[in-house]
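Engineer: Mind looking over this structure? Questions follow.
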Amino acid sequence: MELRFGERLLWLSVLSSVLCVDSVLGKYVKGIVNTKEDWVFLTRFCFLTEFGRLDFRFRYPKSRCCQNILLYFDDSSQWPAVYKKPEKSCDQKEAVLRPENNQVINLTTRYTWSGCVEVLSCVGGRSFRSVRERWWYIALSKCGGEGLQLEYEMKLTNGQSFWTQHFSADEFGILETDITFLVIFSLVFLLSCYFAYNLKGRQLLHTTYKMFMTAAGVEVLSLLFHCVYWGLYARDGVGNFSLKILGKLLFSVSFLVFLLMLILLGKGFTVTRARISHSGSVKLSIYMTVYTITYVILFIYEAEFFDPGEVLYVYESPAGYGLMALQLVAYVWFCYAVLVSLKHYPEKQPFYVPFFTTYTLWFFAVPVMALIANFAIPRWAREKIVNGIQLGIHLYAHIVFLVITRPSAANKNFPYHVRTSQIGILLSSPKGGEGGEKFPHHAYGNSSFLGDSQPNFTELFSIQSVNVLLKTGLQYLIQKYTNVFSLRVSSKYQDFIQLPYFPEYKSQQP
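Throughout the sequence shown, residue numbering follows mature numbering (1 follows the signal peptide of the UniProt record, and there is no 0), covering -26 to -1, 1 to 484 in sequence.
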């Protein structure tokens, strides 16, 4: 099968990931506000119950006095009651705050705690304590004034530990989780390389296994870039955002390669057939293109329409629901392809039954995870939980494939029985067309691992047609009993002549 369309799809996935703009705000926040509005949102952060801390520096012209910093938390009577409520005035938005909880910082010299001086350069801090981890939202207001003008710089932290200081509470554990999965995925990739080495020695290293190795290797690189990003972020609270973009790019590529591999295996590529039909290739190309374009739309939607004043999940959008629908479409296609493959090759049940069962769970895990994240997981814990679940789903998929394709005589699920050197001859056999695409029926490929010391008589004629056998036999007889003709057996058929079974042929080769 020509997989060039797959390469084009990978480039589309790269484009989709490049267009992704992350919505998580840095923990060192600074900027300039200059607006005619009297109430604006600045930033948000999820503080711990005991160790949350805000350190700030504010500057603004004395002529714009007096402005307030407002601290809302995620209770339904606070931030949700005022954000995106155009019917409420500035005074009404301030009224929901509780002054006794020090939720208003008046940026004037009259307020001693603020640390302001005559030039209205205010430096200070605030500690946060609550009964649980909470999202806090910081806004600026000046009700009844002529607008807002402020230069601000804020540092938001959780304790002094390397693993928590610069992280929002919903991000706790992400760095440790990514490091753990990086180690595990690295072992999976190294083990796949070892298996590939054994498969290559037996000429069973097929395209689908190479796709699996590619997906695993790209996943390792994705986790490596994420770990470096979060490590730098833990050190200075800023990090290198380009590393995170690159990590998300590679994660998308790994997912698309693995999804494409599953559909191809379901259709029998490299297991029951040498290539996918032209119509099947076109359908697969269209589907993967639509899938990738939907990814692009999702990332554009996230960049352009996700509001930083709300805690949103990437699938919490029309494009996200579209991706979940496409995942279910892929599963229906996967089911149909596996059933057709089993109908024509029932001897492949030991591979396809566990393959279908385990990846049915994988296909449903992604949309189920998205729905749970959208409606069941608390927003102050969503990001860290989703990160762990998502990586766990990917690890499950890779380990299952590694197990069912391990090159071992004890592996009754091993899918491959045709050698890579035989596929080209099969495709160019006299039958051609659709018949030339299909592999002959064979019990199992794991017979290739029974040992090289015993001759395998079944592989001598594993994929030859009767026509090819007759031609080979005639050439042998002509060369043995005739001195007039000195014919050399075409290299095209030499792979099928095993010298131990033609002992006299060896001595007569020129």
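Glycine residues also receive a C-beta, built at the ideal position from the N, C-alpha and C atoms. Note that this is a predicted model, so its numbers are computed, not measured.
1) Would you kindly check if the distance between the Cβ of F186 and the Cβ of M262 is under 8 Å?
2) I think R18 touches W109, with their Cβ atoms under 8 Å apart; what is that distance to the nearest whole Å?
3) Exposed or buried, R209, counting other C-beta atoms within 10 Å across all chains shown (16 or more means buried)?
4) Flag this pair as yes or no: are the beta carbons of L197 and I112 separated by less than 8 Å?
5) Considering only their Cβ atoms, is the gap separating S315 from Y326 smaller than 8 Å?
6) What would DSSP say about C117, mapped onto helix, strand or coil?
7) Let me check one thing: in DSSP terms, what residues is Q323 bridge-paired to?
8) Counting C-beta neighbours from all protein chains within 10 Å, is the total for K58 16 or more, i.e. buried, or is it exposed?
9) Can you find the residues in the same chain that come closer than 6 Å, C-beta to C-beta, to Q123, ignoring five residues on each side of it along the sequence?
10) DSSP has D29 in a bridge; who is on the other side?
11) Under 8 Å: do the region 176 to 196 and the region 221 to 241 share three or more Cβ pairs, one atom per stretch?
12) Measure how close the beta-carbons of V245 and Y46 come, nearest whole angstrom, since I'm counting them as under 8 Å.
13) In the structure shown, what three-state DSSP assignment does G5 receive?
14) Using the three-state DSSP reduction, which class does N42 fall into: helix, strand or coil?
15) Under a three-way DSSP split, which group does L206 fall into?
16) Within 10 Å of its beta-carbon, does V3 have 16 or more other beta-carbons around it, so buried, or fewer, so exposed?
17) Between which two residues does the alpha helix (DSSP H) holding V231 run?
18) For A170, which residues in the same chain have their Cβ closer than 7 Å to its Cβ, ignoring the five residues on either side in sequence?
19) Give every residue of the same chain whose Cβ lies closer than 7 Å to the Cβ of I260, excluding the five residues on either side of it in the sequence, and list them in chain order.
20) With a Cβ-Cβ cutoff of 8 Å, do K36 and G121 count as a contact?
21) How is L179 classed by DSSP in three states: helix, strand or coil?
22) Decide if H140 is buried, meaning its Cβ has at least 16 other Cβ atoms within 10 Å, or exposed.
23) So which of Q134, G242, L206, I351 has the shortest CA-CA distance to K317?
Structural biologist: For this structure:
1) Residue mapping note: residue 262 aligns to position 288 of the sequence shown, counting from 1. Residue mapping note: residue 186 aligns to position 212 of the sequence shown, counting from 1. Taking 8 Å as the cut-off, the Cβ atoms of M262 and F186 do not count as close.
2) In the sequence shown, residue 18 corresponds to position 44, counting from 1. In the sequence shown, residue 109 corresponds to position 135, counting from 1. Yes, they are in contact, since the Cβ atoms of R18 and W109 sit about 6 Å apart, within 8 Å.
3) Counted from its first residue, the sequence shown places residue 209 at position 235. With a threshold of 16 other beta carbon atoms within 10 Å, R209 falls short and is exposed.
4) The residue given as residue 197 occupies position 223 in the sequence shown. The residue given as residue 112 occupies position 138 in the sequence shown. No, Cβ-Cβ distance for L197 and I112 is not below 8 Å.
5) Start at 1 with the first residue of the sequence shown, and residue 326 comes out as number 352. Start at 1 with the first residue of the sequence shown, and residue 315 comes out as number 341. Yes, the Cβ-Cβ distance between Y326 and S315 is below 8 Å.
6) Numbered from its first residue, the sequence shown carries residue 117 at position 143. Here DSSP, grouped into helix, strand and coil, assigns C117 to coil.
7) As a first step, residue 323 must be located in the sequence shown, where it is residue number 349. Answer is none; Q323 lacks a bridge partner.
8) Here residue 58 refers to the residue found at position 84 of the sequence shown. Burial state of K58 is exposed, judged by a 10 Å Cβ sphere holding fewer than 16 other Cβ atoms.
9) Numbered from 1 along the sequence shown, position 149 holds the residue referred to as residue 123. Closer than 6 Å at the Cβ level, and outside the excluded window around Q123, lie N8, Y34, R38.
10) Within the sequence shown, residue 29 is the residue found at index 55, counting from 1. Within the DSSP secondary-structure output, D29 pairs in a beta bridge with G99, K129.
11) Output reads yes: the region 221 to 241 touches the region 176 to 196.
12) In the sequence shown, the residue the question calls residue 245 occupies position 271. In the sequence shown, the residue the question calls residue 46 occupies position 72. Not a contact, Cβ separation roughly 58 Å.
13) Residue mapping note: residue 5 aligns to position 31 of the sequence shown, counting from 1. Correct three-state label for G5: strand.
14) By one-based count along the sequence shown, residue 42 stands at place 68. In the structure shown, N42 adopts extended strand secondary structure according to DSSP, grouped into three states.
15) Indexing the sequence shown from 1 puts residue 206 at position 232. Assigned with DSSP and collapsed to three states, L206 falls in helix.
16) Walking along the sequence shown from the start, residue 3 turns up at place 29. Result: buried.
17) Position 257 of the sequence shown, counting from 1, holds the residue named residue 231. V231 -> alpha helix (DSSP H) spans 215 to 240.
18) For this step, residue 170 is matched to residue 196 along the sequence shown. Listed in chain order, the non-local C-beta contacts of A170 below 7 Å within the same chain comprise L179, Y183, M187, local neighbours out to five positions each way being set aside.
19) On the sequence shown, position 286 is the one that residue 260 refers to. Beyond the five residues adjoining it in sequence on each side, I260 comes within less than 7 Å, by CB distance, of no other residue in the same chain.
20) One-based indexing of the sequence shown puts residue 36 at position 62. One-based indexing of the sequence shown puts residue 121 at position 147. Between K36 and G121, the CB-CB gap reaches or exceeds 8 Å.
21) The residue given as residue 179 occupies position 205 in the sequence shown. In the structure shown, L179 sits in coil (DSSP, three-state: anything other than H, G, I, E or B).
22) Translated into positions along the sequence shown, residue 140 becomes position 166. Around the C-beta of H140, 16 or more other C-beta atoms lie within 10 Å, and the residue is accordingly described as buried.
23) On the sequence shown, position 343 is the one that residue 317 refers to. Closest by alpha carbon: G242.
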